[in-house]
Every structure is written in structure tokens, then in C-alpha cells.
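Numbering (this note's numbering), first residue to last: 1 to 190.
Cβ atoms here follow ideal geometry from the backbone N, Cα and C, with glycine treated the same way.
Everything on this sheet refers to the single structure shown next.
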Ligand SMILES: [Zn+2]
């Protein structure tokens with residue numbers, strides 16, 4: 001069993017606690033509260049909620065920051081959160097999943113000039129370019145119909161890139177009004 005410092009509420013490498021020099025270390029017990037995270041108090045609120053959702057009991061201690069803005073009534077402190085040793089691993093995993101996971105952010109959609117797009121109603125179009133309106137400077141996508149009369153169309157870029165109106169078209173087969181396709185007409189794998 002790892003060693004536990006009761007002063008620091010931490011698992012430590014023996015025989016002396018490196019933080020408080022405590023020599024009276026003992027083997028940790030499942031219910032010993034151990035430091036799981038030291039986070040900004042705003043994050044602590046989120047983390048406590050995560051623990052709560054996962055039935056992890058938790059105690060906390062506030063640690064003031066450099067003390068500079070305390071007089072302004074602004075909490076710049078950090079919060080240390082402690083969970084029982086037998087829940088420590090789960091608590092740390094939750095922390096990592098929440099705070100260290102790379103944000104799943106979608107790349108901003110851009111218009112691919114020269115690319116073929118499928119309108120959600122099925123028609124294929126090739127984007128010829130992006131043009132600016134001379135008076136409003138608004139950007140428009142210029143695109144050519146690849147069927148029937150092969151006519152040339154323009155539409156505000158923002159609208160071109162927008163999702164399908166689900167209320168109006170609940171059965172639409174694609175998420176966006178126009179989606180890029182490869183030359184075989186299948187989904188662009190990105
Ligand atoms: Zn200690």
C-alpha cells in the first residue's frame with residue numbers, strides 16, 4: 001500500500017513527506033481523503049459536479065492565490081479537492097477527461113473553390129468562386145449548376161454554408177444546405 005501524509009492529505013513517497021516533512025506516514029486506507037485536484041475555483045465547481053454525478057464524495061480546501069486582489073473581493077484562489085483513496089483513480093480520470101481532453105471543435109466550414117457540392121435536394125453544383133458585393137462587401141458564393149441549363153448562381157456565403165432548415169425539411173438527408181462531394185459523387189471523407 002502507498003504511504004499517506006495526514007497533514008497534506010496526499011499519497012507520498014516515503015519515508016518523509018516532501019511537502020511538510022512529516023515522518024509519521026502510514027499506509028493509506030480506502031477511505032482516506034486524498035488530493036485529487038487543485039484548480040481554479042470556477043473549475044472546482046464543475047469538477048465537484050462531475051464527482052457528484054459519479055457518486056464520489058469530496059471535501060475541499062481553499063488556497064488563496066498571491067493575495068493581490070483579495071481586497072477587491074475577487075476570488076483569485078484555488079481550490080483543492082479531496083476524494084477517498086478508493087475513488088482517487090476515477091476522480092483523476094474524470095479530471096483528465098474534462099480538462100485535458102482536446103476540445104472537439106469543428107473546423108470552420110470554408111467554401112472549397114472548384115469543388116462539387118450537393119444541394120440537400122440532390123442537385124450537383126460546382127463552386128466557381130467567392131465574390132464580394134460591391135456595395136455591402138458581403139461575400140457571395142458563385143456556383144454553377146451541373147445539370148439542365150448549367151446556369152450560374154450566387155448566394156450569400158453565410159447561407160451557402162448554413163445547415164438545412166430542419167423544421168422546413170425534416171427529411172433532408174444531409175446536415176448542411178450544400179455539402180462537398182468527391183468526383184464519384186460520394187461523401188467527402190475530409
Ligand atoms: Zn505532508
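Distances taken from the Cβ of residue 12 to the heavy atoms of ligand 1 include one shorter than 8 Å. Between the C-alpha atoms of residue 148 and residue 135 there is a straight-line separation of about 32 Å. Ranked by Cα distance from residue 81, the options 89, 96, 62 are led by 62. Counting only runs of at least 4 residues, the region 79 to 157 fully encloses the following alpha helix (DSSP H) elements, listed from N- to C-terminal order: 88 to 95.
Residue 37 has its CB no nearer than 8 Å to any heavy atom of ligand 1. Looking only at 91, 25, 78, 23, the smallest Cα-Cα distance to residue 56 is reached by 91.
Residue 51 and residue 22 have their C-alpha atoms some 29 Å from each other. Rounded to whole angstroms, residue 163 and residue 59 show a C-alpha spacing of 45 Å.
DSSP places residue 10 in the uninterrupted beta strand (DSSP E) bounded by 10 to 12.
In terms of Cβ geometry, residue 131 and residue 142 form a close pair [threshold 9 Å]. Residue 158 and residue 9 have their alpha carbons spaced roughly 54 Å apart. Residue 25 and residue 17 do touch by the CB rule: their CB atoms are close to 6 Å apart, below 8 Å. Taken through DSSP and simplified to helix, strand or coil, residue 169 comes out as coil.
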